[in-house]
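Visitor: First the structure, which I've put down as structure tokens, then a few questions once you've had a look.
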Amino acid sequence: MWEFYSFLFLLVVGYGVGTYLERSHFASIRRREQELINKAIVFTVRDLPELPGNPQLRLVAAGTVVSIDYFKRIVAMLHHFFGGNISSYESLLERARREAILRMREKAHAIGATMIFGVRLETSAINDGNPKTTTGVELIAYGTAIIPDHTAGATPQLWHTPA
Amino acid sequence: MRYENRLPPEGINVTQGNPLLTALSLLAGLCITVVLVVLGIYLLGSALATQIPFSMEVTLAKRIGLLGEEHTSDTRSQALQTLANRLAAQVELPEGMAFSVRYVDDDEVNAYATLGGVIMLHRGLLDQLHSENAIALVLAHEMAHIIHRDPARVAGGRLLVSAALGLASAAIGVDLLSNFANMTGNLTVLSFSRDAERQADVTGVEMVGRAYGHMGGVAEVFERLAAYEAKTGLSLPEFLASHPETAGRNETLREQAQKMGIPLDGALTPVAPRLRSGQK
Chain A
264 MWEFYSFLFL
274 LVVGYGVGTY
284 LERSHFASIR
294 RREQELINKA
304 IVFTVRDLPE
314 LPGNPQLRLV
324 AAGTVVSIDY
334 FKRIVAMLHH
344 FFGGNISSYE
354 SLLERARREA
364 ILRMREKAHA
374 IGATMIFGVR
384 LETSAINDGN
394 PKTTTGVELI
404 AYGTAIIPDH
414 TAGATPQLWH
424 TPA
Chain B
36 MRYENRLPPE
46 GINVTQGNPL
56 LTALSLLAGL
66 CITVVLVVLG
76 IYLLGSALAT
86 QIPFSMEVTL
96 AKRIGLLGEE
106 HTSDTRSQAL
116 QTLANRLAAQ
126 VELPEGMAFS
136 VRYVDDDEVN
146 AYATLGGVIM
156 LHRGLLDQLH
166 SENAIALVLA
176 HEMAHIIHRD
186 PARVAGGRLL
196 VSAALGLASA
206 AIGVDLLSNF
216 ANMTGNLTVL
226 SFSRDAERQA
236 DVTGVEMVGR
246 AYGHMGGVAE
256 VFERLAAYEA
266 KTGLSLPEFL
276 ASHPETAGRN
286 ETLREQAQKM
296 GIPLDGALTP
306 VAPRLRSGQK
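Quick mapping for you: the protein sequence lines, in order, are chains A and B. Numbering of the first sequence is given in the numbering used here, commencing with residue 264 and proceeding in unit increments. Numbering of the second sequence is given in the numbering used here, commencing with residue 36 and proceeding in unit increments.
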């Protein structure tokens, strides 16, 4: 019976705390995305545009590791039997992806880059040595950041993004 | 060429819906599945167990110490055995079936049938029965369980369920689910044995009716058990919890008496003195 109560306790804590943290994380992501809207814009294309002067190219990479709370894990375990969208993981991975891209853009912005090309995302599961369980997910975003040559008089329409 | 970024669209990558509702519906689905599967395995195990010859059941009972000379050689066990033999003669028994009555010297108000045709009757229950007819009913009820192969059914069903749960939990690697399955599994076993109890009442009442020519003393047993149940409140002995309600049992008694065309009342046979406690 004790086992059952601790299970219930973890489930309630997992749901309550997990939901609260997820909400505040999404709020933070939206706010930062709004702040960065004109800065360090990202593209998946690999071919760089014609650039005036002598711009610098740098590799930028950023990662996030998110943990799965107890509630999400139990719900995913139940999905294990019946299939269907594991919506509890969908929101978790959505957060991780957007957070990783945001961190990469923040880094690029900090070094004076205005664009990142050839952006890629990679995911890996962290399982504490037991391949049957997943305790967290790591997400890495990387790409080629372009720091424009300001002395060459960059073409403003190329760098401009609508507000 | 113009390069631009816009804010990422919301609500595309995440399925909308309440996660709690999703969890609950999944859990309900799992519960129903587990109960159905466990019930199916239990019924399969019970059905298979009835195919085991009774002689094998006796061998098993001897090996695990349920059955042996040392348990049935005392005076009271012998006296109860004589009564059981008389009752057994009233019905046609399956091939090779035999009963061994064991008197158990303790206060517990209990009687039960187990593997190998063994019937345990505790002093606590025996002392509450005021006629031989009443004792005969208790014995006949337990004998009926053995005739219906109920102990073998329960043992076979539980064995198969626990084997399946063991395999399943090893495969899933989650102990919690098997614990949960154990709880629900016990509930299904309980409701199944209610039906077996009803059947045992029917056969038991019939045996007593044939042996004595009337149903006198039978109602007394049902009433005593009900009174004991009321007195002890919630702390019911295990064997009572799975038995049908007294009202339903009296109904069975009346129906059976009518079918056999014998009176509900009649002269009671007194209890043989050697069966009373305090006597040596």
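From the three backbone atoms N, C-alpha and C, an ideal C-beta is built for every residue, glycine too.
Just checking, does the stretch 316-324 of chain A make contact with the stretch 391-408 of chain A on the three C-beta pairs under 8 Å criterion?
Guide: In short, these stretches touch, since the Cβ pair count reaches three.
Visitor: Could you tell me which chain B residues have their CB closer than 9 Å to the CB of S354 of chain A, listed as they occur along the chain?
Guide: Locating residue 354 of chain A in the first sequence gives position 91, where the first residue counts as 1. Those are N48, V49, T50 and P54, listed as they occur along chain B.
Visitor: So does the stretch 342-357 of chain A actually touch the stretch 42-62 of chain B, counting three or more Cβ pairs closer than 8 Å?
Guide: With a cut-off of 8 Å, the stretch 42-62 of chain B and the stretch 342-357 of chain A count as touching, because enough Cβ pairs lie within range.
Visitor: Please name the residue in B:G244, B:A179, B:F257 and B:L194 whose C-alpha comes closest to that of G296 of chain B.
Guide: Position 261 of the second sequence holds residue 296 of chain B. Of B:G244, B:A179, B:F257 and B:L194, the residue nearest in Cα terms is B:G244.
Visitor: Along chain A, which residues have their Cβ under 7 Å away from the Cβ of P298 of chain B?
Guide: In the second sequence, counting from the first residue as 1, residue 298 of chain B sits at position 263. Residues of chain A passing the Cβ test: none, with the nearest at roughly 51 Å.
Visitor: Evaluate N168 of chain B with the Cβ neighbour count: other Cβ atoms within 10 Å of its Cβ, from every protein chain shown; 16 or more gives buried, anything less gives exposed.
Guide: By 1-based counting over the second sequence, the position of residue 168 of chain B is 133. Buried, by the Cβ-count rule.
Visitor: Is it the case that the stretch 277-285 of chain A contacts the stretch 360-371 of chain A, given that we only count it when at least three CB pairs across the two stretches are under 8 Å?
Guide: Touching, no, given that fewer than three Cβ pairs across the two stretches are closer than 8 Å.
Visitor: Report the three-state DSSP secondary structure of Q51 of chain B (helix, strand or coil).
Guide: Walking along the second sequence from the start, residue 51 of chain B turns up at place 16. In the structure shown, Q51 of chain B sits in coil (DSSP, three-state: anything other than H, G, I, E or B).
Visitor: Compare the C-beta of P312 of chain A against all C-beta atoms of chain B and say whether one is closer than 9 Å.
Guide: Mapped onto the first sequence, residue 312 of chain A falls at position 49. Yes, because at least one Cβ of chain B sits closer than 9 Å to the Cβ of P312 of chain A.
Visitor: In whole angstroms, what is the alpha-carbon distance linking E273 of chain B and N145 of chain B?
Guide: Here the question's residue 273 of chain B lines up with position 238 in the second sequence. Here the question's residue 145 of chain B lines up with position 110 in the second sequence. Interpretation of E273 of chain B is limited by its pLDDT of 45, a score under 50 that renders its predicted location unreliable; the figure taken from the coordinates is listed afterwards. Those two C-alpha atoms are separated by around 9 Å.
Visitor: Could you name the residues of chain A that G64 of chain B contacts, counting a contact when the two beta carbons are closer than 9 Å?
Guide: Working through the second sequence from its first residue, we reach residue 64 of chain B at position 29. Simply L341, F344 and F345.
Visitor: Go through its chain and collect everything with a Cβ distance to G326 of chain A's Cβ below 8 Å, but skip five positions before and after it.
Guide: Residue mapping note: residue 326 of chain A aligns to position 63 of the first sequence, counting from 1. For G326 of chain A, where only same-chain residues beyond five positions count, the Cβ hits under 8 Å are A363, R366, E401, L402, I403 and A404.
Visitor: Which residues in the same chain as R309 of chain B place their Cβ atom closer than 8 Å to its Cβ, once the five residues preceding and following it in sequence are excluded?
Guide: What you label residue 309 of chain B is simply residue 274 of the second sequence in a count that begins at 1. Only T110, R111 and A114 meet the Cβ criterion.
Visitor: Could you have a look at V93 of chain B and say whether DSSP puts it in helix, strand or coil?
Guide: As a position in the second sequence, residue 93 of chain B is number 58, starting the count at 1. Looking at V93 of chain B - three-state DSSP - the assignment turns out to be helix.
Visitor: Please classify T223 of chain B: is it buried, with 16 or more other beta-carbons within 10 angstroms of its beta-carbon, or exposed?
Guide: By one-based count along the second sequence, residue 223 of chain B stands at place 188. The predicted position of T223 of chain B is uncertain, since its pLDDT is 48 and thus under 50; no value can be drawn from it.
Visitor: Alpha carbons only, please: which of B:L65, B:K97, B:S166 and B:A190 is nearest the one belonging to G346 of chain A?
Guide: Residue numbering aside, residue 346 of chain A sits at position 83 when the first sequence is read from its first letter. Per the Cα distances, B:L65.
Visitor: Kindly confirm or deny that the stretch 118-128 of chain B and the stretch 240-254 of chain B touch, where touching means at least three C-beta pairs closer than 8 Å.
Guide: Yes, they touch.
Visitor: If you follow the alpha helix (DSSP H) that G159 of chain B is in, where does it begin and where does it stop?
Guide: In the second sequence, the residue the question calls residue 159 of chain B occupies position 124. Unbroken alpha helix (DSSP H) run through G159 of chain B: R158 to L161.
Visitor: Where P129 of chain B and R188 of chain B are concerned, what is the direct C-alpha to C-alpha distance, given to the nearest angstrom?
Guide: Here residue 129 of chain B is taken as the residue at index 94 of the second sequence, counted from 1. Here residue 188 of chain B is taken as the residue at index 153 of the second sequence, counted from 1. Distance between the alpha carbons of P129 of chain B and R188 of chain B is about 16 Å.
Visitor: Which residue or residues does DSSP assign as beta-bridge partners of Q319 of chain A?
Guide: Numbered from 1 along the first sequence, position 56 holds the residue referred to as residue 319 of chain A. Its beta-bridge partners are A:I410.
Visitor: Closer than 9 Å, CB to CB, is N317 of chain A near chain B or not?
Guide: The residue labelled residue 317 of chain A in the question sits at position 54 within the first sequence. By this cut-off, N317 of chain A is not an interface position.
Visitor: With DSSP run on the structure shown, which of helix, strand or coil describes A325 of chain A?
Guide: Position 62 of the first sequence, counting from 1, holds the residue named residue 325 of chain A. Here A325 of chain A sits in strand by DSSP.
Visitor: Applying the criterion that 16 or more other CB atoms from any shown protein chain within 10 Å of the CB defines a buried residue, is I67 of chain B buried or exposed?
Guide: Taking the first residue of the second sequence as position 1, residue 67 of chain B is located at position 32. Label assigned to I67 of chain B: exposed.
Visitor: With 16 as the cutoff for other CB atoms within 10 Å, does S357 of chain A come out buried or exposed?
Guide: Position 94 of the first sequence, counted from the first residue, corresponds to residue 357 of chain A. Sequence check: residue 357 of chain A is Glu here, not Ser. By the neighbour-count rule (16 or more Cβ atoms within 10 Å), E357 of chain A is buried.
Visitor: Check whether the Cβ of E143 of chain B lies closer than 9 Å to any Cβ atom in chain A.
Guide: Along the second sequence, read from residue 1 onward, the residue named residue 143 of chain B stands at position 108. It does not: the Cβ of E143 of chain B has no partner Cβ on chain A nearer than 9 Å.
Visitor: Specify, as a first and last residue, the run of the beta strand (DSSP E) that F380 of chain A falls within.
Guide: As a first step, residue 380 of chain A is located in the first sequence; it is residue number 117 there, counting from the start. Start and end: M378 to I389.
Visitor: Alpha carbon to alpha carbon, how far is D140 of chain B from T106 of chain B? Give it in angstroms, no decimals.
Guide: As a working note, residue 106 of chain B is residue 71 in the second sequence. As a working note, residue 140 of chain B is residue 105 in the second sequence. Correcting the residue identity first, residue 106 of chain B is His in this sequence and not Thr. Roughly 11 Å between the two C-alpha positions.
Visitor: Specify whether the stretch 249-257 of chain B and the stretch 180-196 of chain B touch according to this definition: at least 3 beta carbon pairs, one from each stretch, less than 8 Å apart.
Guide: Contact fails: fewer than three Cβ-Cβ distances are below 8 Å.
Visitor: If you measure from the beta carbon of T68 of chain B to each beta carbon in chain A, is any gap under 9 Å?
Guide: Position 33 of the second sequence, counted from the start, is the residue given in the question as residue 68 of chain B. By this cut-off, T68 of chain B is an interface position.
Visitor: Tell me which same chain residues have a C-beta within less than 6 Å of the C-beta of D332 of chain A, skipping the five on either side of it?
Guide: One-based indexing of the first sequence puts residue 332 of chain A at position 69. Around D332 of chain A: G277 and G281.
Visitor: For G296 of chain B, name the three-state secondary structure that DSSP assigns.
Guide: Against the second sequence, residue 296 of chain B aligns to sequence position 261. Coil, per DSSP.
Visitor: Taking the C-alpha atoms as reference points, what is the distance between L160 of chain B and I337 of chain A?
Guide: What you label residue 160 of chain B is simply residue 125 of the second sequence in a count that begins at 1. What you label residue 337 of chain A is simply residue 74 of the first sequence in a count that begins at 1. When rounded, the distance between both Cα atoms is 48 Å.
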